[in-house]
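Here the protein sequences come in this chain order: A and B. Positions in the first sequence are counted from 1; adding 3 to them yields our numbering. Positions in the second sequence are counted from 1; adding 1201 to them yields our numbering. C-beta atoms are modelled at their ideal positions from N, C-alpha and C, and glycine is treated no differently. These numbers were taken from a predicted model, which means no experiment stands behind them.
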Amino acid sequence: MSYNVVPGVDNRHSAIEMSSASVERPPGRSVRPATAEPAPVRWLLIVVAVGFLTLFLFLPLAAVFAQAFQRGLGPYLAALREPDARSAIRLTLLSAGIAVPLNLLFGVAAAWAIAKFEFRGKSVLITLIDLPFAVSPVIAGLIYVILFGRRGWLGPWLDQHNIQIIFAVPGIVLATIFVTCPLVARELIPLMQAQGREEEEAAVVLGARGWQTFFRVTLPNIKWGLLYGVILCNARAMGEFGAVSVVSGHIRGLTNTMTLHVEILYNEYNFVGAFAVASLLTLLAMVTLALKSLVEWKARQGQAAGPVVAEQP
Amino acid sequence: MLARAAYRRRRRRILPGFGLAMGFTLLYFGLIVLIPLAGLVLKSTAMSWQQFWGTVTAPQALASYGLSFGASLAGAGLNVVFGSVVAWVLVRYRFPLRKLIDALVDLPFALPTAVAGIALTGIYDSNGWVGRHLSALGIQVAFTRLGVVVALTFIGLPFVVRTVQPVLEDLDVEVEEAAASLGARRWDTFRRVILPELWPALATGFALALARALGEYGSVVFIAGNLPMRTEITPLLIVIKLEQYDYAGATALAVVMLGASFALLLLINVLQRRAGRRQPAFGD
């Protein structure tokens, strides 16, 4: 090898010659770059990928709408106007309306503490925040039944004071909060860690108060990530099934959320009704995904146009 | 050492709000998550050891672990194979509707599990769009163990794709060029240059999909048929025990599941540290 490697100009010259030779290709016949697969392999992989996604994603998605509209628009709308369906929609909106703002507060507080400060046990806390995701939703419901149920730890006391949590709305809200509580935090922690704390420190040094710093410096930097966290948290809160099913007691018109209403209708073989309500939840999921794409696009734009983001420590 | 501690303390004081933020975080998380979970574990200690062991090793329980674990492994395995093909295709090739398909990969994160359950049952039962053709071949999906695998594959689908995708995007093409210029065929380059880079992401994606599938309830209960000893997953068994007011039995099974989840969470943490970056975890 070493006999023609002469240090200096000659060597570089030969490298340039080599690369220009590889660029010039015989005309008429396209040559596959060395880092690409042959066209048949490429198309086979695309077909396998799209086929897999069709079987597991696209067909179920299409099936929801096909079944919801199988008897046309009239029965579809009637299923949504039914009083039980409307009360289920109201309850779902209520529980998401309580759970999402609370989890937003939690997410911002946790991300502020974790991303802007050093303290012992930080990595333990970050892992702990993932805990609700690792726990089965059924267990998420169960822990509140054990705590607040009639035979639970606080059951007798709650009974005496006539407070009902399990098989009532508070239990549904609690279970929803549990299942969705890491979502905003998870979105914000890596984002705020990557941005560092120089900008906030500069603001404080220049005399800004704490909240001023947060609203004028931090919030504009994290707004897209925050928005996505809230959107996803909302979609999950409205769509939660397992945890809510354990604590709800399935009282029609009272403690049925949309997903529980879907289950009841489906088990009664009222497929149009079940899929009609399911189609609303599916639309919500699709809006969530669309907003996610928008947020990612905005974040990329902001990164391209904005100041240099501080390196992650 | 002392100087570092002093430096840290000084640094902590520059920005305000640590006490408030940390206090609220711990209070909220403690009240919502940690204390109720501790209550569950405490409840299980009220049982005698024989009682606990008898419940968690009852034949119905053992059958449910087998199904939950086996079907979750199968689903996560399918996702490793097909998820990495999807990630590869989305990163490396350009084809119509690519961006739309890319966005839809996250659907299982956003779609309520109950909706996924009834939709999958609808297309895989013997009258469904896909099930009709499979049942002509003698394959029943809905209301069998295969149905459980289908639901758990759907649930875990984004994890492998979303952990492998960023790694593929960051791969240096120059390394592949070097391999090619040294005479490697494309398949060799893939096997010996690209694949070793992907292993940590594949392992993380597999573990995330597995963890998610183990606890899954909503999508499975519709498609499984829920026959005792055959198509009953462990979370369903917990619900059944609760409906019979057997709180102790439900708690015992829940503790077993919690143990498995914690073990997986630790494993995922180790895998993510090995990979040297924080992979997107559940829900991202």
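Residues that residue i contacts on chain B, provided the C-beta gap is smaller than 7 Å
{"i": "A:Y147", "result": "P1237"}
{"i": "A:W115", "result": "G1218 and A1222"}
{"i": "A:A112", "result": "A1222, F1225 and T1226"}
Extent of the continuous alpha helix (DSSP H) run through residue i
{"i": "B:V1229", "result": "Per the sequence shown, the amino acid found at residue 1229 of chain B is Tyr instead of Val. First-last of the alpha helix (DSSP H) with B:Y1229: F1219 to F1230."}
{"i": "B:N1470", "result": "Y1448 to A1476"}
{"i": "B:G1419", "result": "G1419 to A1425"}
{"i": "A:H264", "result": "M261 to N270"}
{"i": "B:D1172", "result": "The structure shown does not extend to residue 1172 of chain B, since chain B is modelled only from 1202 through 1485, so no value can be given for it."}
{"i": "B:R1299", "result": "R1299 to L1305"}
{"i": "B:T1256", "result": "W1250 to V1257"}
{"i": "B:P1313", "result": "From DSSP, B:P1313 is part of no alpha helix (DSSP H); its letter is neither H nor E."}
{"i": "B:Y1266", "result": "P1260 to R1293"}
{"i": "B:V1362", "result": "R1346 to D1371"}
{"i": "B:V1242", "result": "I1236 to T1246"}
{"i": "A:L62", "result": "L62 to A71"}
{"i": "B:T1432", "result": "Here B:T1432 belongs to no alpha helix (DSSP H), and DSSP marks it neither H nor E."}
{"i": "A:L56", "result": "A42 to L56"}
{"i": "B:R1333", "result": "G1332 to A1337"}
Contact list for residue i against chain D, beta-carbon separation under 9 Å
{"i": "A:V51", "result": "Absent from the structure: chain D. Protein chains present are A and B."}
7 Å Cβ cutoff met for residue i and residue j
{"i": "B:L1369", "j": "B:G1276", "result": "no"}
{"i": "A:E243", "j": "A:V220", "result": "no"}
{"i": "A:R239", "j": "A:T285", "result": "no"}
{"i": "B:Q1261", "j": "B:P1436", "result": "no"}
{"i": "A:P321", "j": "A:A246", "result": "There is simply no residue 321 of chain A to check, as chain A begins at 4 and stops at 316 in what is shown."}
{"i": "A:R197", "j": "A:I132", "result": "With the sequence shown as reference, residue 197 of chain A is identified as Ala, and Arg is not the correct amino acid for it. No."}
{"i": "B:V1490", "j": "B:V1457", "result": "This structure leaves residue 1490 of chain B out entirely; chain B is present only between 1202 and 1485."}
{"i": "A:I175", "j": "A:S248", "result": "no"}
{"i": "A:T179", "j": "A:S126", "result": "no"}
{"i": "B:E1433", "j": "B:I1356", "result": "no"}
{"i": "A:N224", "j": "A:A91", "result": "no"}
{"i": "A:R212", "j": "A:K119", "result": "no"}
{"i": "A:V67", "j": "A:A281", "result": "yes"}
{"i": "A:G144", "j": "A:G152", "result": "no"}
{"i": "B:N1280", "j": "B:L1227", "result": "no"}
{"i": "B:D1518", "j": "A:L292", "result": "Within the shown structure, residues of chain B are numbered from 1202 to 1485, placing residue 1518 of chain B beyond reach of any answer."}
{"i": "B:L1459", "j": "B:A1451", "result": "no"}
{"i": "B:A1425", "j": "B:G1348", "result": "yes"}
{"i": "B:A1222", "j": "A:A112", "result": "yes"}
{"i": "A:G305", "j": "A:L191", "result": "no"}
{"i": "B:G1255", "j": "B:V1361", "result": "no"}
{"i": "A:E40", "j": "B:R1387", "result": "yes"}
{"i": "B:Y1294", "j": "A:R255", "result": "no"}
Amino acids of chain B, ordered along the chain, whose beta-carbon sits closer than 9 Å to that of residue i
{"i": "A:T179", "result": "Result: empty, since nearest Cβ-Cβ is about 11 Å, beyond 9 Å."}
{"i": "A:S139", "result": "L1415, G1416, E1417, Y1418, T1435, P1436, I1439, A1455, M1458, L1459 and S1462"}
{"i": "A:V207", "result": "I1215, L1216 and P1217"}
{"i": "A:K269", "result": "As written in the sequence, residue 269 of chain A is Tyr, which differs from the Lys given in the question. Ordered by position in chain B, the residues that pass the 9 Å Cβ test against A:Y269 are A1315, G1318, I1319, T1322 and F1423."}
{"i": "A:T95", "result": "Going along chain B, no residue has its Cβ under 9 Å from A:T95, so there is no contact; the nearest lies around 10 Å."}
{"i": "A:K301", "result": "In chain order: nothing, as chain B lies at least about 14 Å away."}
Partners in chain A for residue i, counting only beta-carbon separations shorter than 7 Å
{"i": "B:G1240", "result": "I146, I149, L150 and W156"}
{"i": "B:A1476", "result": "By Cβ distance, chain A contributes nothing, its closest Cβ being about 14 Å from B:A1476, past 7 Å."}
{"i": "B:V1331", "result": "L58 and L62"}
{"i": "B:A1412", "result": "A137"}
{"i": "B:A1451", "result": "L145"}
{"i": "B:I1233", "result": "I180, F181 and C184"}
Contacts of residue i in chain A (Cβ-Cβ under 9 Å)
{"i": "B:I1424", "result": "Going along chain A, no residue has its Cβ under 9 Å from B:I1424, so there is no contact; the nearest lies around 11 Å."}
Partners in chain A for residue i, counting only beta-carbon separations shorter than 8 Å
{"i": "B:N1470", "result": "T130"}
>> Against chain B, which members of the segment 283 to 296 of chain A pass a CB distance test of less than 7 Å?
In response: L284, T285, A288, T291, L292, K295 and S296
> Which whole runs of the alpha helix (DSSP H) in the segment 127 to 199 of chain A are 4 residues long or more, in chain order?
Replying inline: 134 to 137, 140 to 151, 158 to 163, 172 to 183 and 185 to 198
> When you check each C-beta in the segment 1367 to 1395 of chain B against every C-beta of chain A, which residues fall closer than 8 Å?
Replying inline: V1374, E1377, E1378, A1381, S1382, R1387 and T1390
> Which residues, in order along the segment 191 to 205 of chain A, keep a beta-carbon less than 8 Å from a beta-carbon of chain B?
Replying inline: P193, R200, E203 and E204
> Of all the alpha helix (DSSP H) runs that stay within the bounds of the segment 85 to 120 of chain A, which reach a length of 4 or more residues?
Replying inline: 86 to 119
> Mind pulling the alpha helix (DSSP H) runs of 4 or more residues that sit fully within the segment 193 to 260 of chain A?
Replying inline: 201 to 208, 213 to 216, 222 to 242 and 245 to 251
>> Under 8 Å, CB to CB, which of the residues in the segment 54 to 70 of chain A have a partner in chain B?
In response: F55, L56, L58, F59, L60, F61, L62, P63, L64, A66, V67 and Q70
> Using a Cβ cut-off of 7 Å, which residues of the segment 1302 to 1327 of chain B contact any Cβ in chain A, in chain order?
Replying inline: I1302, A1304, L1305, D1307, L1308, A1311, L1312, P1313, T1314, A1315, V1316, A1317, I1319, A1320, L1321, G1323 and I1324
>> Using a Cβ-Cβ cutoff of 8 Å, what residues of the segment 1348 to 1362 of chain B are near chain A? List them in chain order.
In response: V1351, T1354, F1355 and L1358
> Can you give, in chain order, each stretch of the alpha helix (DSSP H) that sits fully within the segment 1377 to 1426 of chain B and has at least 4 residues?
Replying inline: 1387 to 1390, 1396 to 1416 and 1419 to 1425
>> For the segment 1253 to 1287 of chain B, list every residue whose C-beta sits within 7 Å of some C-beta in chain A, in sequence order.
In response: F1283, V1286 and V1287
> Mind listing which residues of the segment 214 to 243 of chain A have their C-beta closer than 8 Å to chain B's C-betas, in chain order?
Replying inline: T216, F217, L235, A238, R239, M241, G242 and E243
> If contact means a Cβ-Cβ distance below 7 Å, which residues of the segment 245 to 272 of chain A contact chain B?
Replying inline: G245, V249, T262, V265, E266 and Y269
>> So if I threshold CB-CB distances at 7 Å, which residues from the segment 1395 to 1409 of chain B count as touching chain A?
In response: none
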